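In full-length UniProt numbering, the protein residues as written are 1 to 300.
Just so you know, even glycine gets a beta-carbon here, dropped at the ideal spot from N, CA and C.
Just so you know, these numbers come straight off a predicted model, no measurement behind them.
Since the structure comes first, as structure tokens, the remarks are kept for the end.
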Ligand SMILES: NC(=O)c1ccc[n+]([C@@H]2O[C@H](COP(=O)([O-])OP(=O)(O)OC[C@H]3O[C@@H](n4cnc5c(N)ncnc54)[C@H](OP(=O)(O)O)[C@@H]3O)[C@@H](O)[C@H]2O)c1
């Protein structure tokens with residue numbers, strides 16, 4: 001009863017930052033592969049080319065030259081959107097999932113999509129094997145699964161992400177994109193008493209787990225883009241993307257489609273390298289190009 005009251009009070013205070021983000025932990029609640037296509041037909045959407053630490057836009061490409069991106073948490077609400085957008089933009093995708101059968105039904109049937117089991121809690125060696133030696137970049141869209149295990153956020157959102165970074169190092173993957181969250185550094189930005197900050201940390205230290213993982217990535221030497229979205233919505237975009245530097249936004253929400261777009265666009269934009277960006281969407285915000293958005297954030 002006490003908990004329920006807390007939940008309902010908190011919910012009203014959170015405004016647009018979705019309370020139910022990761023509150024799922026409170027409530028109780030693998031390798032079939034379609035061979036990667038090496039088809040020879042050409043197409044007109046943009047693709048990407050890795051040069052050192054940067055991925056540069058190359059314009060029209062031949063499918064022969066498709067770059068492979070590994071997506072961890074590929075059956076998640078954001079993960080599957082990232083997979084779809086990568087395929088649309090002409091990448092080959094290796095989808096790292098917990099449940100191969102679920103992935104077969106929830107992910108599109110596409111010759112450029114390969115599905116592999118990848119539990120981020122199982123250590124970096126297994127992950128390195130799953131990622132393989134031909135991935136140009138890893139995008140991490142994992143988030144702990146609902147359970148009574150209060151350590152789940154720590155295992156997945158901290159240790160799991162660190163395992164992924166280590167796996168990238170082992171395989172010399174040079175680009176890492178993480179879907180994190182606004183408010184991860186809430187304590188440092190004067191948001192210690194923000195209900196969302198309290199709530200998400202009380203149940204499993206979720207935001208602290210994510211912040212620690214972010215810090216690990218930042219020290220790893222890998223070219224990273226850490227994307228911190230506000231509350232996630234499944235509905236289509238209803239406003240324009242607002243992008244701010246780290247530790248700026250403490251409320252707001254954004255469509256998962258837009259989060260996926262930002263993650264995929266980061267692969268094309270050298271301006272996104274070594275950056276932490278916070279994103280929400282606002283109807284009144286002006287529409288800005290991704291070059292402008294990423295370009296407006298300082299590198300660290
Ligand atoms: N919800 C929000 O409002 C909000 C706001 C800001 C940031 N975020 C963050 O944004 C990210 C994406 O959120 P979302 O709501 O799209 O996530 P989601 O739908 O809950 O998806 C999470 C994915 O992680 C996978 N996963 C869980 N444990 C794993 C493990 N041990 N190894 C590998 N994969 C594992 C899940 O697999 P299954 O599909 O098999 O379950 C699922 O595919 C998360 O990090 C979340 O914390 C969320």
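> When DSSP labels each residue in this structure, what does residue 225 get in the three-state scheme?
Replying inline: Taking the first residue of the chain shown as position 1, residue 225 is located at position 225. Residue state, collapsed to three classes: strand.
>> Is residue 134 close to ligand 1? I mean its beta-carbon at under 7 Å from any heavy atom of the ligand.
In response: For this step, residue 134 is matched to residue 134 along the chain shown. Not so, every heavy atom of ligand 1 lies at least 7 Å from the Cβ.
> Leaving out five residues before and five after residue 177 in sequence, what residues of the same chain have Cβ atoms less than 6 Å from its Cβ?
Replying inline: Looking up residue 177 in the chain shown gives position 177. Excluding residues within five positions, the ones whose Cβ falls inside 6 Å are 139, 225, 263, 266.
> Where do the ends of the beta strand (DSSP E) carrying residue 135 lie?
Replying inline: Here residue 135 refers to the residue found at position 135 of the chain shown. Looking at the DSSP string, the run of the beta strand (DSSP E) that includes residue 135 is 135 to 140.
> Leaving out the 5 sequence neighbours to the left and right, which residues in its chain are closer than 7 Å to residue 216 when beta-carbon positions are compared?
Replying inline: Stepping through the chain shown from its first residue, residue 216 is reached at position 216. Excluding residues within five positions, the ones whose Cβ falls inside 7 Å are 162, 165.
> Does the segment 126 to 144 come close enough to the segment 64 to 72 to have 3 or more Cβ pairs within less than 8 Å?
Replying inline: yes
> Cα-Cα, which of 268, 248, 125 is closest to residue 289?
Replying inline: For the purposes of this step, residue 289 is taken as residue 289 along the chain shown, with counting starting at 1. Taking only the C-alpha atoms, the option nearest residue 289 is 268.
>> Per DSSP, what are the beta-bridge partners of residue 96 in this structure?
In response: Numbered from 1 along the chain shown, position 96 holds the residue referred to as residue 96. Paired residues: 72, 116.
> Hey, out of 155, 194, 90, 260, whose CA is closest to residue 76's CA?
Replying inline: If you number the chain shown from 1, residue 76 lands on position 76. For residue 76, the nearest C-alpha among the options comes from 260.
> Between 87, 105, 79, which lies nearest to residue 67 when the distance is taken from Cα to Cα?
Replying inline: Along the chain shown, read from residue 1 onward, the residue named residue 67 stands at position 67. Per the Cα distances, 87.
> Just how far apart, CA to CA, sit residue 149 and residue 195?
Replying inline: The residue labelled residue 149 in the question sits at position 149 within the chain shown. The residue labelled residue 195 in the question sits at position 195 within the chain shown. Rounded to the nearest angstrom, the two C-alpha atoms are 22 Å apart.
> Taking three-plus beta-carbon pairs below 8 Å as touching, is the segment 171 to 185 in contact with the segment 250 to 260?
Replying inline: In short, these stretches touch, since the Cβ pair count reaches three.
> Can you give, in chain order, each stretch of the alpha helix (DSSP H) that sits fully within the segment 119 to 198 and has at least 4 residues?
Replying inline: 124 to 131, 161 to 170
> Sorted by chain position, which residues of the same chain lie with C-beta nearer than 6 Å to residue 126's C-beta, five sequence neighbours on each side aside?
Replying inline: Sequence index remark: in the chain shown, residue 126 carries index 126 (1-based). Around residue 126: no qualifying Cβ.
> Is any heavy atom of ligand 1 found at a distance shorter than 7 Å from the C-beta of residue 179?
Replying inline: On the chain shown, position 179 is the one that residue 179 refers to. Yes; taking the cut-off as 7 Å, the Cβ of residue 179 has a heavy atom of ligand 1 nearer than that.
>> I'd like to confirm something about residue 302: is its beta-carbon nearer than 7 Å to some heavy atom of ligand 1, or not?
In response: Nothing can be reported for residue 302: it is not among the residues displayed for the chain, which extend from 1 to 300.
> How would you label residue 303, buried or exposed, when you count the other beta carbons within 10 angstroms and need 16 or more for buried?
Replying inline: Limits of the chain in this structure are 1 at one end and 300 at the other, which puts residue 303 out of reach.
> Per DSSP, what kind of secondary structure is residue 335 in: helix, strand or coil?
Replying inline: Absent from the model: residue 335. The displayed extent of the chain is 1 to 300, so no value can be given.
>> Using only the alpha-carbon positions, how far apart do residue 110 and residue 80 sit?
In response: In the chain shown, counting from the first residue as 1, residue 110 sits at position 110. In the chain shown, counting from the first residue as 1, residue 80 sits at position 80. Their backbone Cα atoms lie some 13 Å apart in a straight line.
>> I'd like to know whether the C-beta atoms of residue 251 and residue 230 end up nearer to each other than 8 Å.
In response: As a first step, residue 251 must be located in the chain shown, where it is residue number 251. As a first step, residue 230 must be located in the chain shown, where it is residue number 230. Yes. Within cutoff.
> What do you reckon, is the C-beta of residue 144 under 7 Å from a heavy atom of ligand 2?
Replying inline: No copy of ligand 2 appears in this structure; the ligands present are ligand 1.
> By DSSP, does residue 232 sit in helix, in strand, or in coil?
Replying inline: Translated into positions along the chain shown, residue 232 becomes position 232. Note: residue 232 maps to strand in three-state DSSP.
> If you drop the 5 nearest sequence neighbours on each side, which residues of the same chain put their C-beta closer than 6 Å to that of residue 124?
Replying inline: For the purposes of this step, residue 124 is taken as residue 124 along the chain shown, with counting starting at 1. So the qualifying residues of the chain are 163, 166, 167.
>> Looking at residue 94: is its Cβ nearer than 8 Å to the Cβ of residue 143?
In response: Locating residue 94 in the chain shown gives position 94, counting from the first residue. Locating residue 143 in the chain shown gives position 143, counting from the first residue. Contact flag unset, no.
> If residue 211 and residue 185 are in contact, beta carbons under 8 Å, what's the gap, nearest whole angstrom?
Replying inline: Stepping through the chain shown from its first residue, residue 211 is reached at position 211. Stepping through the chain shown from its first residue, residue 185 is reached at position 185. Contact holds; Cβ gap of about 6 Å.
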